[in-house]
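Chains as they are written, first to last, in the numbering used here: chain A, 45 to 411; chain B, 45 to 411.
Each remark here refers to the structure printed beneath this line.
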């Protein structure tokens, strides 16, 4: 597929203007822009600029997200924070709540923050990774619109509720897990339909509750399966993890949960009232950071130097592929496929913020 | 298979005598006994009295576990604790570290504890569930002997490193997730071999790294697959979770990790230096506990009343089956299969603590 390459800073500048147009303060627009472009830099295009209109612009225009909302602290102890985002942008809530966690963990070694009354916050990994430069472990969870069926169920009750954890290492890249608790996200199912291919058995079910290989049947009233997939493959564990994320993000925070969460792509209905959960752990509350990082490197080396299966010459640590992509995209530009580019142009006109960013000349178009 | 039924309190009394014989103080022996019998009461017989000799008695006798060890506090903040178990019984370390977490969370809302230099601690869920009566959320993790291959690897690097989380509910039973991060534990593979059956594709690989349906090939130098299973089914997520548990339990605590962890069933070599991680979250640091529990009940109701797949008339919440089993086993006795019973008799003689517990008359042998 034809793709254009853009400089990260050019996309960021456009996104800042875009959100300023919709009433965000410049400082806040810059935070949201950084979260979105970081997703594209890491190769998670499903949570990058491609969602600018559908998840954010359209909803701001419809009055379903408050561009001026401030994060309110509802309750606090020396190690915990309970926030209400006032139906503002999820990225702002996530950024500020995680920052507050990090500040508290500096004092007492660990801190938790919940956020209620928020919106889609982009990649969960962004907030977890904020802990890294402070030599802390970061955790970030969020609930989301229902798409997963519980084991033995056939309707959408739980979101693909991601778990993101970032852990600093020494010479090696940090460990960054950022995973949906379904086998795959719905976007992956749509991608198979676009390609005209069937999906592997165990990714989804149709509206009658039968496992299906037809990507359309999953999207058309069917469900995603939780991580693990079928009962035989212990899908109830993924179901348990999706439920756990909903409990910590939705119930502990006082946000919506389960079937009650609205779609972030809808321009009708009420605010979605999404909930988030953040945690920061200061490593040297437990061990000297140098020892910790040295052991991280040794464990990573155990993994990377282990014998491989036939057809593979490399064992990856979580986040490693994304760090490599980031390096390549910083050098060669962020790839944006033609339909997304054209969407940005078209929707930019409608929104009153024309997408006037120029693609850069490519040195290395196959990256 | 022929099975005997025993009263929980009779088994407990025997286990207390057993550990006293090996030098544990009575108070400590009672804690270990409660952890082991609770596993049997919940139906997790792989972590109950059946492991009395192999994981504990034989190692105490070989001098590989210190029966008199005390838990030492190495480092502390108002919300964190770093312990060294002095190569004592894992159950004592787990019980006391979790208790200390709960005490701190009472003050500051959340607390974490790590433990290094410990041993196999039985079911992870026991320690997580200790939080429930305090209206707290409990989390318990431990690393363990290497059995899982990382994605694209074909050797055992990571343990089946369990994740246990307990969350209080209102009218409904608590949510208690207690899951290995492999698809299934090695004991399940052995169970298929004993039955003379093949295992489902995706549970394990043989020593060459090929997926296999032969349970013997997995046990004989093969590997377990992480939750998710194959790459297509996103086994790298289970691999990421197993790795995360090792980082939090092993590296953050300063214990052994990865390939360096010894087998708890061996009577040779050095202490295993297993690490644990515990967390307690006081719910009312975030929301009034009554509101939280009411929402837990509503989410559980959403799940339980949802339409079912063909052939199923019930959707379960994590821990529900175990709570029901506990009720039945308290009423009808704990079932112990004949080979385990005969092992207890034989090994009890050798150890100098004859297994003299009498089975009870059965009212309801088919439970």
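We put the CB at the ideal spot given by N, CA and C, even for glycine.
Predicted model only: the values in this text are computed from it and were never measured.
Closer than 8 Å, CB to CB, is residue 270(A) near chain B or not? Walking along the first chain from the start, residue 270(A) turns up at place 226. The beta-carbon of residue 270(A) is placed no less than 8 Å from the nearest beta-carbon of chain B.
Indicate whether at least one CB of chain B lies closer than 8 Å to the CB of residue 351(A). By one-based count along the first chain, residue 351(A) stands at place 307. Yes - at least one Cβ of chain B is within 8 Å of the one on residue 351(A).
Mind pulling the chain A residues with CB within less than 9 Å of residue 256(B)? One-based indexing of the second chain puts residue 256(B) at position 212. Here the premise fails: no neighbours, minimum Cβ distance about 12 Å.
I'd like the list of long-range same chain contacts for residue 411(B), defined as Cβ closer than 6 Å, with 5 residues on each side in sequence excluded. Numbered from 1 along the second chain, position 367 holds the residue referred to as residue 411(B). Per-residue confidence for residue 411(B) stands at a pLDDT of 39, beneath the threshold of 50, marking its modelled position as unreliable; the derived number appears in the next sentence. Counting only Cβ-Cβ distances below 6 Å, and skipping sequence neighbours, we find 372, 376.
Here's the rule I'm using: 16 or more other beta-carbon atoms within 10 Å means buried, otherwise exposed. How should residue 45(B) be labelled? For the purposes of this step, residue 45(B) is taken as residue 1 along the second chain, with counting starting at 1. Answer is exposed; the Cβ neighbour count stays below 16.
Between the stretch 154-183 of chain B and chain A, which residues of the former have a C-beta closer than 8 Å to a C-beta of the latter? 154, 155, 156, 158, 181
Does the stretch 206-223 of chain A come close enough to the stretch 157-177 of chain A to have 3 or more Cβ pairs within less than 8 Å? Verdict: yes, contact present.
Is residue 48(A) close to chain B? Criterion is C-beta to C-beta, closer than 8 Å. Translated into positions along the first chain, residue 48(A) becomes position 4. Cβ-Cβ to chain B under 8 Å: no for residue 48(A).
What residues match up with residue 394(B) in a beta bridge as DSSP calls it? Counting from one through the second chain, the residue named residue 394(B) turns up at place 350. Answer is none; residue 394(B) lacks a bridge partner.
So within the stretch 176-249 of chain B, which uninterrupted beta strand (DSSP E) runs reach at least 3 residues, ignoring any that extend past its ends? 180-186, 207-211, 219-223
According to DSSP, what are the bridge partners of residue 331(B)? For the purposes of this step, residue 331(B) is taken as the residue at position 287 of the second chain. Answer is none; residue 331(B) lacks a bridge partner.
Go ahead and pull the three-state DSSP assignment for residue 48(B). As a first step, residue 48(B) must be located in the second chain, where it is residue number 4. It is a strand residue.
CA nearest to the CA of residue 93(A), picked from 67(A), 118(A), 55(A): Here the question's residue 93(A) lines up with position 49 in the first chain. Comparing Cα positions, the closest option is 55(A).
Consult DSSP for residue 385(B) and reduce its assignment to one of helix, strand or coil. Locating residue 385(B) in the second chain gives position 341, counting from the first residue. Residue state, collapsed to three classes: helix.
Helix, strand or coil for residue 360(A) per DSSP? As a first step, residue 360(A) is located in the first chain; it is residue number 316 there, counting from the start. Coil at residue 360(A), not helix or strand.
Comparing alpha-carbon positions, which option in 199(A), 231(A), 299(A) lies nearest residue 250(A)? Within the first chain, the letter at position 206 stands for residue 250(A). Comparing alpha-carbon positions, the option among 199(A), 231(A), 299(A) lying closest to residue 250(A) turns out to be 199(A).
Residue 240(B), buried or exposed, once every other Cβ within 10 Å from all chains shown has been counted against 16: Looking up residue 240(B) in the second chain gives position 196. Counting Cβ neighbours within 10 Å, residue 240(B) comes out exposed, since fewer than 16 surround it.
Are the C-beta atoms of residue 217(B) and some chain C residue less than 8 Å apart? This model lacks chain C altogether, as its protein chains are A and B.
Apart from the five residues on each side of it in sequence, which residues of its chain come closer than 7 Å, Cβ to Cβ, to residue 213(B)? Here residue 213(B) refers to the residue found at position 169 of the second chain. Around residue 213(B): 219, 337, 340, 341, 344.
Nearest to residue 180(A) (by Cα), restricted to the options 322(A), 358(A), 57(A), 280(A): Taking the first residue of the first chain as position 1, residue 180(A) is located at position 136. The candidate whose alpha carbon is nearest that of residue 180(A) is 322(A).
Does residue 90(B) get closer than 8 Å to chain A when you measure Cβ to Cβ? Working through the second chain from its first residue, we reach residue 90(B) at position 46. No, because no Cβ of chain A sits closer than 8 Å to the Cβ of residue 90(B).
Can you pull the chain A residues whose beta carbon is under 7 Å from the beta carbon of residue 276(B), in chain order? Taking the first residue of the second chain as 1, we reach residue 276(B) at position 232. Simply 244.
Pick out whichever of 105(A), 128(A), 178(A), 107(A) has its Cα sitting closest to the Cα of residue 148(A). Stepping through the first chain from its first residue, residue 148(A) is reached at position 104. Ranking the options by Cα distance to residue 148(A), first place goes to 178(A).
Taking only runs that begin and end inside the stretch 92-162 of chain A, name each unbroken beta strand (DSSP E) of 3 or more residues, in chain order. 116-120, 124-128, 154-162
Should the stretch 84-101 of chain A be regarded as contacting the stretch 378-391 of chain A, the criterion being three or more beta carbon pairs within less than 8 Å? Yes: at least three Cβ pairs fall under 8 Å.
Rounded C-alpha distance that separates residue 369(B) from residue 176(B): Indexing the second chain from 1 puts residue 369(B) at position 325. Indexing the second chain from 1 puts residue 176(B) at position 132. One C-alpha to the other measures close to 19 Å.
Find the residues of chain B that neighbour residue 386(A), judging by a C-beta separation of less than 7 Å, and give them in chain order. The count along the first chain starts at 1 and reaches residue 386(A) at position 342. Those do not exist, as residue 386(A) stays about 31 Å from chain B at its closest Cβ, beyond 7 Å.
With residue 187(B) and residue 75(B) assumed to form a contact (beta carbons below 8 Å), what rounded beta-carbon distance in angstroms separates them? As a working mapping, residue 187(B) is identified with position 143 in the second chain. As a working mapping, residue 75(B) is identified with position 31 in the second chain. Wrong, their Cβ atoms sit about 21 Å apart, outside the cutoff.
Which chain A residues sit within Cβ distance under 8 Å of residue 413(B)? Beyond the ends of chain B as shown, which are 45 and 411, falls residue 413(B); an answer cannot be given.
Roughly how many whole angstroms lie between the Cα atoms of residue 308(A) and residue 98(A)? Counting from one through the first chain, the residue named residue 308(A) turns up at place 264. Counting from one through the first chain, the residue named residue 98(A) turns up at place 54. Separation of residue 308(A) and residue 98(A) (C-alpha to C-alpha, rounded to the nearest whole angstrom) is 8 Å.
In whole angstroms, what is the alpha-carbon distance linking residue 298(A) and residue 155(B)? Mapped onto the first chain, residue 298(A) falls at position 254. Mapped onto the second chain, residue 155(B) falls at position 111. Near 21 Å, if we compare the C-alpha coordinates of residue 155(B) and residue 298(A).
Say the cut is 7 Å; is the CB of residue 272(A) nearer than that to a heavy atom of the ligand GTP? The ligand GTP is not among the ligands present in this structure, which contains no ligands whatsoever.
Within the same chain, show all residues whose beta-carbon is closer than 7 Å to that of residue 78(A), passing over the 5 residues directly before and after it, in chain order. As a first step, residue 78(A) must be located in the first chain, where it is residue number 34. 56, listed in sequence order.
Only counting the same chain, and skipping five residues up and downstream in sequence, which positions put a Cβ closer than 6 Å to that of residue 153(A)? Reading the first chain from its first residue, position 109 is the one you call residue 153(A). If we look at residue 153(A) and ignore the five residues flanking it on each side, its Cβ neighbours are 326, 329.
Where residue 365(B) meets chain A, residues with beta-carbon distance less than 9 Å: Reading the second chain from its first residue, position 321 is the one you call residue 365(B). Near residue 365(B) there are no residues of chain A at all, since even the closest Cβ is about 10 Å away, more than 9 Å.
With a threshold of 8 Å between beta carbons, is residue 265(B) in contact with chain A? Locating residue 265(B) in the second chain gives position 221, counting from the first residue. No, residue 265(B) lies away from the interface with chain A (no Cβ there is under 8 Å from its Cβ).
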